[in-house]
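Each remark here refers to the structure printed beneath this line.
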Amino acid sequence: MLLNENRLFPADENSRGIAKRLFNEVEKLPIISPHGHTDPSWFASNKNFTNATDLLIVPDHYVLRMLVSQGFKLENLGVIGKDINTEKDKRKIWKIFAENYYLFRSTPSRIWMDHTFENLFGINKPLNQKTADFYFDHIGECLKKDEFRPREMYNKFNIEILSTTESALDNLEFHKSIKNSNWNGRIISTYRPDNVIDPDFDNFKENIDKFGEITNEDTTTWTGYLNAHRKRREYFISLGTTASDHGLSTANTADLNNEEASKLFEKVITKIANSHEKELFRAQMLTEMAKMSIEDGLVMQIHPGSHRNHNKNILDIFGRDKGFDIPQRTSYVDVLKPLLSRYGMNSKLNIILFTLDESTYSRELAPLAGAYPSLKLGPAWWFHDSPNGMMRYRELVTETAGFYNTVGFNDDTRAFPSVPARHDVSRRVDCSFLATQVAKHIISEEEAREVAIELAYKLAKVSYKL
Amino acid sequence: MLLNENRLFPADENSRGIAKRLFNEVEKLPIISPHGHTDPSWFASNKNFTNATDLLIVPDHYVLRMLVSQGFKLENLGVIGKDINTEKDKRKIWKIFAENYYLFRSTPSRIWMDHTFENLFGINKPLNQKTADFYFDHIGECLKKDEFRPREMYNKFNIEILSTTESALDNLEFHKSIKNSNWNGRIISTYRPDNVIDPDFDNFKENIDKFGEITNEDTTTWTGYLNAHRKRREYFISLGTTASDHGLSTANTADLNNEEASKLFEKVITKIANSHEKELFRAQMLTEMAKMSIEDGLVMQIHPGSHRNHNKNILDIFGRDKGFDIPQRTSYVDVLKPLLSRYGMNSKLNIILFTLDESTYSRELAPLAGAYPSLKLGPAWWFHDSPNGMMRYRELVTETAGFYNTVGFNDDTRAFPSVPARHDVSRRVDCSFLATQVAKHIISEEEAREVAIELAYKLAKVSYKL
Amino acid sequence: MLLNENRLFPADENSRGIAKRLFNEVEKLPIISPHGHTDPSWFASNKNFTNATDLLIVPDHYVLRMLVSQGFKLENLGVIGKDINTEKDKRKIWKIFAENYYLFRSTPSRIWMDHTFENLFGINKPLNQKTADFYFDHIGECLKKDEFRPREMYNKFNIEILSTTESALDNLEFHKSIKNSNWNGRIISTYRPDNVIDPDFDNFKENIDKFGEITNEDTTTWTGYLNAHRKRREYFISLGTTASDHGLSTANTADLNNEEASKLFEKVITKIANSHEKELFRAQMLTEMAKMSIEDGLVMQIHPGSHRNHNKNILDIFGRDKGFDIPQRTSYVDVLKPLLSRYGMNSKLNIILFTLDESTYSRELAPLAGAYPSLKLGPAWWFHDSPNGMMRYRELVTETAGFYNTVGFNDDTRAFPSVPARHDVSRRVDCSFLATQVAKHIISEEEAREVAIELAYKLAKVSYKL
């Protein structure tokens, strides 16, 4: 077997026993996936996936980055780039992965993969050079079957709702198509307007123009631009969206008056804004989005702190999301003050904050979320979406913010088969944290059971208004 | 029972057994409370407290902030504010607290409260909606009795000495009255001159004037101003004070010559100083305080790193200390250099450093305290005065600074009944840390016993010269 | 006995049993010591060490700093300084250490010392005031014997290779002498050019002149200066060197073109460079060193983040490395970008990054090393070369970077007898980390065994090209 039933539980017998009992209560609960990056076209078309490599390696930046860090080249791992020969032999790529699977020891990728191999594909021998062909063939065979199509997987995974993420310019055709189909899976989108908010985004000016066209607003004016946001948010909401997402590099906010903001916008769209003004614009837009959230009820997610595309060469050839986004030191206290002074005490505002800088958990985020009614903390994110990362999150956050200023789990995945694996890890780690609290007589086992269900299911549903 | 005798001890049987034996040695030791914010008038007048709400909720910013973070309003929790209707029905407020007591799960507030409920008031059923009235009535009855008056509680809690904190302008009337009474409790003050050092403090100029009046010094001159400090320190010392406390937002220090300092002071009191000059003045004053400490022997506490009153609205309406002080990134290495270059090697100087930025424990504070004879580290502070916070403190500090560059525990409380609860937590966590060291054969159990007593009692007494 | 066979293993029986089995596999493996500061003359002359104090106290800044932090003066601990009377009575110094040995409880110094006392000198009673004379006499007797000479210790310690560190100006006479001797110990040097790269280094200009003389290059020109580096690197390589080391205060890098670099160099050597330009020069030189590493194959170690000589008085009187180097907040992501954009994807480049700022492990270092093929992470360094420090390193690094982007252990020691003690600690902690992974079913015990051997022996050998 690849998976032990006691995996991730505490090592001492006392805590482990409690963790098992708690996990029993949550293991089978439906999955709420309120934030992720799966492709809605999968569920619209429900076409079969093709092979193990294209399903599990090529789209997974966690896997790519580890192999690249050990000297493998993206083109040899099946990634398509400008003016570059990409390996076409999927089996050959799979073999590279299999031979180097030991590199992933003690990383979450290994846990997610083994979970997928055993639970989805029924494999119970370890992946390595010897078993590489068997794996490739077996997974390929499975993927041809109806039961391995996206909608069937969605059902098998016991997903209750799955959120994808689309740009402000997306027409949500796949979401419409799913809604109009006779399938009862619930796939909703998240409003992500970075490409019309961040003046440094590729093709920002063109994006603004397109933003005007699709909303029938004059996006060369501040008022028209804000109206365009309002209309797109409304459109997303009409198709089920309950949240927006903001992935700027900082959490800077501003509180300009209308005249100042209007002038700043003019500079930004006429491209004469300097870098300070561009940052001020992004900062002001977070506050504007908060204001709109109060009006239309969208939950507002703020995901700062990633230095995107650290390697320009990789970006130029292979594009975004290839494993070269690196976390950086991130501030919250000072920079959120303009927004929070303005709207922070308003209970109609629901902001969910994330971080890649774990030093802010106990220093800034838990104290902020433990004071402002408008703030909650998102789960351990990205690099920290891992057993130790999640445990640190609970240990650093809970004593100041409690459990009820957190929002359950986000899988944040691009790799659909890993969805149940990630929720399984999260549930096991939360139950382990709670088991230690029970073993140390900080809370009772009865309380822990109640909290375990909140963390695994209820809090995500409530916090994201699902 | 609300409290298990093994609470907070390690989960594995081996370490837990050791922890229990160590705790046995320290559980009954008298409490040294060298830093806190209880009200000396309680002990001067020895009047009965009135009801559970006014005793346990209204003055406790930990409790208020958690309830506010979940949407409750300060005025509905009994807090008085400008032009605002405050809830007068104490029972109604208590019921809000009781119904929402689950929010505090796994927070230190819950531990302190349960400790108070069971050990002080003899209650052994959990607080919730159903038991709310019983609690309110029972605590109210208790508080009417003589044995629940402040002095009687002080004795019951086995306190040997309790420090309060007063501003440089306080006349210490309550301390005098206690001293002149026939009660033998030892309540001393701490000299906290922030309001005459920080040019940004409310009414700074008026404070300086008053500072001159009560010391009969010309505080419009640098020399007179420094003399005023010397005289007030002397006055505090005459009433038992052994320490000063400095709660500025940074740990910046400066080392100006007399002429520079004198010119700067002139700018500061004539209000023409800019923000850089004001910060320089605060920085210079830390160095001046260090110099006076060498002269008069006061232990000098530095508590930087809180962004006070993050929400201006709350400040304007409800005032300070209502749960909206948020920690921020704090530096020590560079900014303490001017002071340490001047006086850092002087063994007559005793500085105790605190932090709200845990990333500095192993990076800056333990290395500094493990080198300079004038520096010691205060315990895990405020948001980190919690089981995991204390454990992180020991884990991050001990390997570089050892135990003997730390100063035992501070309860730092405003809520008198929580004093014994907080010392109980600290003793349990330190014994747990030591037990793990013994279980891993890093130190012997005999050594651990000696250290446990130092951490629970002796180090505080020696470090604060009590 | 001073040492328990289960020391440092996890407290719970389950994990401890696994840790013991893993440790069994690595305990006796030869020591690879690829980075340290022992004195090559010891091995060249193979003279006996003289007494316990000069062997174990005077050269050990960890020991000195702890005693100084408690009020002892360096001159009374045998350290020689300018215009200062240094204690000559070695026994008296030893007694101070013995009486205050309790200060080191739970610090790594205590572990290393006890290991040396028991394993090297066969002592099995604890050091304290009573046993001080016995220790001093017994160690003194031992040191007179042939078997306690440096080469004999090297063999006894089962060292396979030991690296020292020499400046770019060192003639490596002792390394030559060792090489030409009939002893088969392998002592190699590390190329450390800080004193000809850092314009703020003592006697920088004189160093540059000497650099020119010994390489027969015109080091007043940029080209000549770079050639001098090339020649010295070649010379070091000819005597076995496989790595360079760079201990600047930041990890700043730059990517100037040749003309810019040449102009900057001119400013730097004519001493008209301002502090910004000096920093830019250091930054550019890291990139130049990376370029040379690609050419000549030297592994490049970067050790930033220490605020050297925090106390100027101590520096002026006693010189460097006396315990007053203090870690400071350190950045990697932005500042390494110029170097990494230029050479980061080149697999011929081997950079090993270290830090004293543990907040960067999970935030910056593991993500960078888990993406760039040229980057690996050095082990927990200096203040963090301790049981908890090493454990935090594995916990914070592994989930993102895995095991294979780390490089095994460095002892980094100046105190030769502590070499086996430090490797023992490292092996025990790594086995404990792995045991917990096995106990939690994250990896199999068979995998853990393989990894344990990598961490204890193979990775250091491969990463440093030994």
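Here the protein sequences come in this chain order: H, S and V. The first sequence begins at 0 in numbering that gives the first Met the number 0 and counts up one residue at a time. The second sequence begins at 0 in numbering that gives the first Met the number 0 and counts up one residue at a time. The third sequence begins at 0 in numbering that gives the first Met the number 0 and counts up one residue at a time. Beta carbons are placed, not taken as given, at the ideal position from N, Cα and C, and that holds for glycine.
- Chain H places no beta carbon closer than 8 Å to that of ASP333 of chain S, leaving this residue out of the contacts.
- Here PRO372 of chain S is not bridged, per DSSP, to any residue.
- Counting along the chain, the unbroken beta strand (DSSP E) around ILE30 of chain S starts and ends at 30–32.
- From the listed residues H:SER292, H:GLY304, H:ALA250, the smallest Cα separation to LEU279 of chain H is found for H:ALA250.
- Within the stretch 65–98 of chain S, MET65, VAL67, SER68, GLN69, GLY70 place their CB atoms closer than 7 Å to a CB of chain H, listed in sequence order.
- The three-state reading of DSSP puts TYR456 of chain H in helix, counting H, G and I together.
- Membership of GLU357 of chain V in any beta strand (DSSP E) is not indicated, and neither H nor E is assigned to it by DSSP.
- Within the stretch 249–313 of chain V, the runs of beta strand (DSSP E) at least 3 residues long that lie entirely inside it are, in chain order, 298–301.
- By the C-beta criterion, the stretch 74–84 of chain S is judged not to be in contact with the stretch 424–442 of chain H, since fewer than 3 inter-stretch pairs fall below 8 Å.
- By the rule that beta-carbons nearer than 8 Å mark a contact, PHE353 of chain V does not touch chain H.
- Around the beta carbon of ILE313 of chain S, a 10 Å sphere encloses 16 or more other beta carbons of the protein chains shown; the residue is thus reported as buried.
- Judged by DSSP secondary structure, ASP410 of chain V falls outside any beta strand (DSSP E); it is assigned neither H nor E.
- The Cβ of ASN127 of chain V sits no closer than 8 Å to any Cβ of chain H.
- At a C-beta separation below 7 Å, LYS439 of chain V has these neighbours in chain H: ARG6, LEU7, PHE8, ALA10.
- The shortest C-alpha to C-alpha distance from PRO39 of chain H to any of H:LYS91, H:LEU63, H:LEU238 is the one to H:LEU238.
- Within chain V, the residues placing a beta-carbon under 7 Å from that of ILE442 of chain S are ARG104, SER105, ordered along the chain.
- Residue burial annotation: GLY322 of chain V is buried, with at least 16 other C-beta atoms found within 10 angstroms of its C-beta.
- Taking 8 Å as the upper bound on Cβ-Cβ separation, chain S lies near residues HIS306, HIS309, ASN310, LYS311, ASN312, ILE313 of the stretch 291–314 of chain V.
- In the pairwise beta carbon analysis, the stretch 423–436 of chain V is classified as not touching the stretch 87–100 of chain H: fewer than three pairs are separated by under 8 Å.
- The Cβ atoms of TYR463 of chain H and THR241 of chain H sit closer than 8 Å to each other.
- A straight-line Cα-Cα distance of about 29 Å links ILE30 of chain V and ALA400 of chain S.
- The CB of PRO366 of chain H never comes closer than 8 Å to any CB in chain V; the least such distance is about 17 Å.
- In this structure, THR405 of chain S and LEU376 of chain S form a Cβ contact; the two beta carbons are roughly 5 Å apart against a cut-off of 8 Å.
- Within chain S, no residue has its beta carbon less than 7 Å from that of GLY16 of chain H; the closest one is some 11 Å off.
- ARG319 of chain S sits in coil when the DSSP states are folded into three classes, being neither helix nor strand.
- In terms of Cβ geometry, SER305 of chain S and PRO326 of chain S form a close pair [threshold 8 Å].
- Straight-line spacing of the CA atoms in PRO303 of chain S and TYR190 of chain S works out to 16 Å.
- DSSP places LEU161 of chain H in the strand class (E or B) of the three-state scheme.
- In this structure, THR115 of chain H sits away from SER105 of chain S, with a CB-CB distance that is not shorter than 8 Å.
- When 7 Å is used as the limit between beta carbons, ASP356 of chain S is near these residues of chain H: ARG362, in chain order.
- Between the C-alpha atoms of ARG421 of chain V and ILE207 of chain S there is a straight-line separation of about 57 Å.
- The Cβ-Cβ distance between ILE268 of chain H and LEU285 of chain H does not fall below 8 Å.
- In the three-state scheme derived from DSSP, where H, G and I count as helix and E and B as strand, ASP244 of chain H is classed as strand.
- In the DSSP assignment, ILE138 of chain H falls within the alpha helix (DSSP H) that extends over 131–143.
- Taken through DSSP and simplified to helix, strand or coil, SER346 of chain V comes out as coil.
- In the displayed model, SER105 of chain V falls within coil according to three-state DSSP, outside both helix and strand.
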